[in-house]
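**Q** In my numbering, the protein residues as written are 244 to 407. Think of the CB as a built atom: it goes at the ideal place given N, C-alpha and C, for glycine as much as any other residue. Every value quoted in this text rests on a predicted model; they were computed, and no experiment measured them.
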Ligand SMILES: [Ca+2]
């Protein structure tokens, strides 16, 4: 009799899970899915979507901690103290995006990109010999390249986000 009672409980629990999405606990979802459910109302939001049509993809909004349903006109602040000073930029890192890998890459021609700094999950930034980076406690990241712009040369930086 006790075994039969146990099986009935399992059946009821499974039935409740299939019909009530609120029964899905956060521990079953990836950090991206938790964020998407809380901010976009769905677990299946496409990462490359742009729910607020501000030009910042939803996965980038996730990694930067910006609101995906309210326009974020400028997610980055470019820093360059003088025309001959190294290029840099500042942005906010979402410290709860534990499944995101952030990579800063540099290029001189927009064709070949080389990594200059990377942070995986909540880990610290690893910086290749290509710049300096500082992350404040609130997640504000300030990166400064070490490539000095010269006459006729160009330098581009980008932030690449990878979420599994
Ligand atoms: Ca957006």
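Is residue 332 buried or exposed, if buried means 16 or more other CB atoms sit within 10 Å of its CB?
**A** buried
**Q** Using the Cβ count rule (16 or more neighbours within 10 Å means buried), how would you classify residue 402?
**A** buried
**Q** Rounded C-beta distance between residue 384 and residue 378? I'm assuming under 8 angstroms.
**A** 5 angstroms
**Q** In chain order, what residues of the same chain have a beta carbon less than 6 angstroms from the beta carbon of residue 278, not counting five sequence neighbours either side?
**A** 305
**Q** So is residue 275 buried or exposed if we call it buried at 16+ other beta carbons inside 10 Å?
**A** buried
**Q** Buried or exposed for residue 294, please, with buried defined as at least 16 other CB atoms from any protein chain shown within 10 angstroms of its CB.
**A** buried
**Q** Can at least three beta-carbon pairs, one atom from the segment 360 to 374 and one from the segment 332 to 350, be found at a separation below 8 angstroms?
**A** Of all C-beta pairs linking the segment 360 to 374 to the segment 332 to 350, three or more are shorter than 8 angstroms, placing the two stretches in contact.
**Q** Taking 7 angstroms as the line, does the beta carbon of residue 289 fall inside it for any heavy atom of ligand 1?
**A** no
**Q** Since residue 398 contacts residue 354 with CB under 8 angstroms, what's their CB separation in whole angstroms?
**A** Not confirmed; about 14 angstroms, so no contact.
**Q** Could you check where the beta strand (DSSP E) with residue 279 kicks off and where it finishes?
**A** Per DSSP, residue 279 belongs to no beta strand (DSSP E); it is in the alpha helix (DSSP H), 274 to 283.
**Q** Going by CA-CA distance only, name the one from 380, 400, 341 that's closest to residue 387.
**A** 400
**Q** CA-CA distance, residue 312 and residue 318?
**A** 14 angstroms
**Q** Do residue 315 and residue 297 have their C-beta atoms closer together than 8 angstroms?
**A** yes
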